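What follows is one structure encoded as structure tokens, with my remarks underneath.
In the numbering used here, the protein residues as written are 122 to 223.
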């Protein structure tokens, strides 16, 4: 899984939380399980970053992926990445939605 790949990179300043954990940060706990499953979420202690913005946080904390964060600073690249992510995340959600009932 992609998240496991990022965990192996040992990004500084990032902790990965199991979504089945009952002690999720309150800001994340307020979201439905379906919404959490559909998109990547990153909580920075004060704000939740979702989707492409969550990837920007992760990539900004892993040296070899910093260039991807910088690419997303271009509006046209961000625009394309945002909509591409929405399509891909929805398709992955449809594939994995049975996890909602486990």
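Positions of the beta carbon are idealized from the N, C-alpha and C atoms, including for glycine.
These numbers come from a predicted model, not from an experiment.
Under 8 angstroms between C-beta atoms of residue i and residue j
i, j, result
"residue 177", "residue 161", "no"
"residue 159", "residue 127", "no"
"residue 206", "residue 163", "no"
"residue 215", "residue 182", "no"
Closer than 8 angstroms to chain C by CB, residue i
i, result
"residue 198", "Absent from the structure is chain C; it holds one protein chain and no more."
Buried or exposed by the 16-neighbour rule on C-beta atoms within 10 Å, applied to residue i
i, result
"residue 208", "exposed"
"residue 124", "exposed"
"residue 179", "buried"
Paired residues, beta bridge with residue i - DSSP
i, result
"residue 171", "162"
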